[in-house]
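Number 123 in this note's numbering belongs to position 119 of the sequence shown; there are no gaps in the numbering. We put the CB at the ideal spot given by N, CA and C, even for glycine.
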Amino acid sequence: MGYFPVMVDMEGKSVAIVGSTSAAQQKTRQLVAVGAQVTVFGCGLEPALPRSTGLSVRVYDRLPQPEDLMTCVLVIAAHADGTVNQAVRLMADRVRVLVNVVDDREASNCIMVSQLRRGDLVVGVSTSGIAPGLARRIRLELEPLFGSDWAQWLTRFGVLRKEILAHPDPMTRRQLLTREEERVMARWTPCQRK
């Protein structure tokens, strides 16, 4: 499989999550945090699912139908029953929607990365679905290298970058951007960089 990493603007996009497993709840939290419109489906879902995630999501105590998936940009099959996940995958394939079957690389046409977030800084780690647990462990090793101050640095850099891009001379723009990038990197202390 040839995976290509890409960041997708999920703000306002519809996502269907099937199941109430811990993986389903984690994906629900992550997707709502970036503004996705999440709908959770599943037979026998705990009524506490929205409260347990602390999020406002639509929850249906049934499995999805093809028409439920037609407006989705992503479907996540995270049901405890593998046969349900396979049925969801086939349904998503029929309506040509990206589908991630949790812990089943072969059944998925997209995979999730283990993500480290510090404001707008996002570092994704993937083993292309071969060893998700290892990707998570690598991400955990990287976390101490990127403190919470990265969110502030990047916000300030974004403001400066807009000002710099307004400069008429391309060479000057490149020099100014390089200088500001070097300032940010200089704040990333050597002990953090190991």
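Limits of the alpha helix (DSSP H) - the one that residue i falls within
i, result
"V36", "S26 to A37"
"L164", "D153 to L169"
"R199", "Nothing can be reported for residue 199: it is not among the residues displayed for the chain, which extend from 5 to 198."
"Q179", "P174 to R191"
"L120", "Premise fails: L120 lies in the beta strand (DSSP E), S118 to R122, not in any alpha helix (DSSP H)."
First through last residue of the beta strand (DSSP E) which encompasses residue i
i, result
"R62", "R62 to Y64"
"T87", "Element bounds for T87: not the beta strand (DSSP E) but the alpha helix (DSSP H), G86 to R98."
Identity of the residue in the options nearest residue i by Cα
i, options, result
"V42", "L180, V63, A27 and D85", "V63"
"T75", "R93, G86 and V99", "V99"
"M11", "R187, V126, F161 and D173", "V126"
"P68", "G151, R160, A28 and V88", "V88"
Residue burial classification, residue i (beta-carbon count within 10 angstroms, cutoff 16)
i, result
"D124", "exposed"
"V163", "exposed"
"L78", "buried"
"T32", "buried"
"D72", "buried"
Contact belief for residue i with residue j at Cβ below 8 Å, rounded distance in angstroms
i, j, result
"E15", "G46", "Rounded, the Cβ-Cβ distance is 25 Å, inconsistent with contact."
The region 148-159 / the region 103-119 touching (three or more Cβ pairs under 8 Å): Three or more Cβ pairs closer than 8 Å define a contact, and the region 148-159 falls short of that threshold against the region 103-119.
Validate contact between the region 131-139 and the region 172-185 using beta carbons, cut 8 Å, 3 pairs: Flag = no, the region 131-139 and the region 172-185 do not touch.
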